[in-house]
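Asker: Let me give you the structure first, and then I'll get to my questions.
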Amino acid sequence: MKKAIISCAVFEPYLKHLLLNRDDISSIVFLEVKQHNHPEQLAILLQEEINKIHDVDEILVMYGLCGNAILPLKSSGIPIRLLKVHDCGMVLAGSRQRYKELFAHRLSQSYACAAYDVLDSVENYRMSLEYLRIKQEYGEENAEYVLEMLHKPKNETTVYFDFGLDEDQRFLNKNQGRPLEVVAGGLQMMQDFIDGKDKDSVVLNKNEELFALYDLDEVFVSKEK
9 MKKAIISCAV
19 FEPYLKHLLL
29 NRDDISSIVF
39 LEVKQHNHPE
49 QLAILLQEEI
59 NKIHDVDEIL
69 VMYGLCGNAI
79 LPLKSSGIPI
89 RLLKVHDCGM
99 VLAGSRQRYK
109 ELFAHRLSQS
119 YACAAYDVLD
129 SVENYRMSLE
139 YLRIKQEYGE
149 ENAEYVLEML
159 HKPKNETTVY
169 FDFGLDEDQR
179 FLNKNQGRPL
189 EVVAGGLQMM
199 QDFIDGKDKD
209 SVVLNKNEEL
219 FALYDLDEVF
229 VSKEK
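In the numbering used here, the protein residues as written are 9 to 233.
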């Protein structure tokens with residue numbers, strides 16, 4: 009089965025490691041991490057990249073809900089598989105359970121990895137499930153008010169996902185003295201996604217749409233129009 013990958017650049021160091029000896033990936037495109045700051049534009053860019061792909065059996069989109077950026081996506085015929093996560097933090101943790109252990113009590117916690125230094129805490133919170141739920145139920149103005157009340161100072165501790173790569177060591181050396189909570193990163197969710205295991209993915213087929221559920225387990229689903 010031939011696959012094409014469209015991925016956030018946050019996963020680039022890890023995918024290059026995981027894909028070394030594979031011959032089933034026909035192409036891979038990495039999009040800049042900063043695209044997350046503009047979900048509407050990211051949605052357009054993702055669809056443009058999807059529309060360029062032909063002659064594969066499956067398109068792997070390595071993005072989560074990401075501020076609702078993936079919800080407008082459409083398949084013209086080739087199945088699109090997406091990570092069933094709200095953002096890359098769960099993927100970097102390696103599993104849904106590990107993510108819950110780290111973040112269930114602090115969903116707006118900032119984090120970083122070798123390919124992604126932390127967004128400021130305001131932007132990080134705007135992509136959190138908590139913010140998206142409040143915005144959906146009570147409107148953007150109320151969500152922004154909660155953001156203002158919860159916004160932490162920029163010297164807050166950042167969770168850093170360490171995969172033991174040279175890039176990690178360079179990041180940690182560069183950021184000595186910075187308040188970091190270093191935790192082990194995990195490749196398992198990325199590996200399972202590339203291998204086609206369905207546990208943590210959602211498939212979008214032609215004539216289907218994506219709908220957000222805004223929880224840690226289902227996150228979003230695909231349904232027929």
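Ideal placement from N, C-alpha and C gives every residue a C-beta, glycine not left out.
Is the region 88-98 close to the region 209-219, with three or more CB pairs under 8 Å?
Answerer: yes
Asker: Per DSSP, E216 forms a beta bridge with which residues?
Answerer: E232
Asker: Can you look up M9 in the DSSP assignment and give me helix, strand or coil?
Answerer: coil
Asker: So E249 is in the alpha helix (DSSP H); what residue range does that whole segment cover?
Answerer: Residue 249 lies beyond the residue range present for the chain, which begins at 9 and ends at 233; the question has no answer from this structure.
Asker: Starting from the N-terminal side, write out each stretch of the beta strand (DSSP E) that is 3 residues or longer and does not extend beyond the region 72-127.
Answerer: 88-91
Asker: Tell me which same chain residues have a C-beta within less than 8 Å of the C-beta of L54, skipping the five on either side of it?
Answerer: I14, L39, V69, Y71, A77, I78 and L81
Asker: Around the C-beta of A3, are 16 or more other C-beta atoms found within 10 angstroms, so that it is buried, or is it exposed?
Answerer: As displayed, the chain neither begins before 9 nor continues past 233, which places residue 3 out of reach and without an answer.
Asker: Would you report the Cα separation of Y146 and L140, rounded to the nearest angstrom?
Answerer: Taking the straight line joining both Cα atoms gives about 10 Å.
Asker: L173: which of E232, S103 and G194 sits nearest, CA to CA?
Answerer: G194
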